[in-house]
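Residue numbers (the numbering used here), protein chains in the order written: chain A, 3 to 98; chain B, 3 to 98; chain C, 3 to 98; chain D, 3 to 98; chain E, 3 to 98.
This is the structure we're talking about:
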């Protein structure tokens, strides 16, 4: 899984029928301190995450292992909102 | 999923029989503002996208979860045309 | 899928029994104009491609969706020979 | 599989129900000598690994092939703690 | 598939039960001439390869398509030892 920050939202009218009602958020991978690195990607939100939240995303066929994404053409899912990260014994991120 | 722009088309006579009748478009990943980054790849179009459109593509086994791509040797599918992107509360892309 | 050019061949005597009789070609990803970029990889040829051909390759579990690669330990397949590529309305590659 | 070092832990209250009770560790890929390289990622621990341990992680659908991760939305698993690494005939890492 | 050179071995006591008896080798991807490039990764050996051998590795779910790796939490397998590589009509590598 990747640690990622939610940075935005996408709106689409024309889409596969299995995507109707799904919330597709724009996220960017972060390092272990919550700082964004790398290119943005889009993930289905299954945990009511919001812009600014630090989340975990799961990719590939594993992204279809939630009840909301089963048999759906999606390759990334947000399946957790991060409360805190601890690195080498120190808390380096805590959700405000 | 990746945000991508459709930049072209491919034509092939010799191909796997399951690819007959499929439209294979050349796309390039973009950043969250719709600017192309990275190398081109090819995706099956399932939503009648056209050159210039900003789309969402889905990769891997998830690309076979549409009715048009089931059991087909394809690893990327266009399953949505993007209307608009919003980042940090501002609309940064709107389809013209 | 990736646009790739066939650059060579591999020969192996010791291999998984499911690979017997398979042609394993060395390819390199190209950009949308057919110019090679990136590292080489090896793909099973299912369309009688030859060195110099521009082809499409499909990766991951999708590479096992052809009749020749079903249930086989291969993660990349050549399933199309490219005739032409068109970018932004111009033909940028045509097979000679 | 990747050689990786465990560098931290994640805490989440809001998460997919299948993740309850799972330990999600932050790891970083290392080179063959155990030196960290690249960005951090998060893997489910199935072997009671701890911060500082050098481990093997397995990605993608293969990460769901342990009894603890079956049918779970996770794409990386720690399924081995490394005792030692030998490169070109020399022991280059030994667990202390 | 990737062309890779076997550079070492891993030893683990604590591991998933399905990994018992499996030989896990450290490999590095090579270019088409057999020169190592990129970071090391670990693959299950199914063809009795040894340190120094040039091999083919297969990744992802396809790595579980050999009799030795079926249903096992591994995402890379060595399923061929390379005898020779030919690029643009010239033999560029031959096993000694």
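Virtual Cβ for every residue (Gly too), placed ideally from N, Cα, C.
(message) Is there a C-beta anywhere in chain E that falls below 8 Å from the one on residue 6/D?
(response) no
(request) Output yes if chain D places a C-beta closer than 8 Å to the C-beta of residue 89/A; else output no. (result) yes
(request) Give the range of the beta strand (DSSP E) segment to which residue 88/A is assigned. (result) Looking at the DSSP string, the run of the beta strand (DSSP E) that includes residue 88/A is 86-89.
(message) Between 5/E, 93/E, 79/E, 38/E, which has its C-alpha nearest residue 26/E's C-alpha?
(response) Ranking 5/E, 93/E, 79/E, 38/E by Cα distance to residue 26/E puts 79/E first.
(request) Reducing DSSP to helix, strand and coil, say where residue 6/A ends up. (result) strand
(message) Could you check whether the segment 41-57 of chain E touches the segment 75-93 of chain E, counting it as contact only if at least three pairs of C-beta atoms, one from each stretch, sit closer than 8 Å?
(response) yes
(request) Please report how far the alpha carbon of residue 34/D lies from the alpha carbon of residue 41/E, in whole angstroms. (result) 8 Å
(request) Apply the 10 Å Cβ neighbour rule to residue 38/B and answer buried if 16 or more other Cβ atoms are within range, or exposed otherwise. (result) exposed
(request) Can you pull the chain E residues whose beta carbon is under 7 Å from the beta carbon of residue 62/D, in chain order? (result) 62, 63, 77
(request) Out of 17/B, 56/B, 63/B, state which residue places its alpha-carbon closest to the alpha-carbon of residue 69/C. (result) 17/B
(request) With 7 Å as the C-beta to C-beta threshold (strictly closer), list the residues of the segment 40-60 of chain E near chain C in chain order. (result) The segment 40-60 of chain E vs chain C, Cβ under 7 Å: 48, 49, 58, 60.
(message) Below 9 Å on C-beta distance, what does residue 34/C contact in chain B?
(response) 9, 10, 28, 30, 41, 42
(request) Show which residues of chain E have a CB atom less than 8 Å away from the CB atom of residue 69/C. (result) Those within 8 Å of residue 69/C in chain E number zero; the least Cβ separation is about 15 Å.
(request) Can you tell me which of the three DSSP states residue 63/D falls into? (result) helix
(message) For residue 90/A and residue 29/D, I'd like the C-alpha separation in whole angstroms.
(response) The straight-line gap from Cα to Cα measures roughly 11 Å.
(message) Between residue 14/C and chain E, is the shortest Cβ-Cβ distance under 8 Å, so that the two count as touching?
(response) For residue 14/C, the answer is yes, since a Cβ of chain E falls inside 8 Å of its Cβ.
(message) Within 10 Å of its beta-carbon, does residue 98/A have 16 or more other beta-carbons around it, so buried, or fewer, so exposed?
(response) Answer is exposed; the Cβ neighbour count stays below 16.
(request) Please list the partners that residue 85/E has in chain C, where partner means a Cβ-to-Cβ separation under 7 Å. (result) At a C-beta separation below 7 Å, residue 85/E has these neighbours in chain C: 13, 14, 15.
(request) Could you say which of 15/B, 66/B, 75/B, 60/B lies nearest to residue 31/B if we only look at CA atoms? (result) 60/B
(request) Flag this pair as yes or no: are the beta carbons of residue 36/C and residue 87/C separated by less than 8 Å? (result) yes
(message) Could you tell me the alpha carbon to alpha carbon distance between residue 2/D and residue 73/D, rounded to whole angstroms?
(response) Absent from the structure is residue 2/D, since the part of chain D shown begins at 3 and ends at 98.
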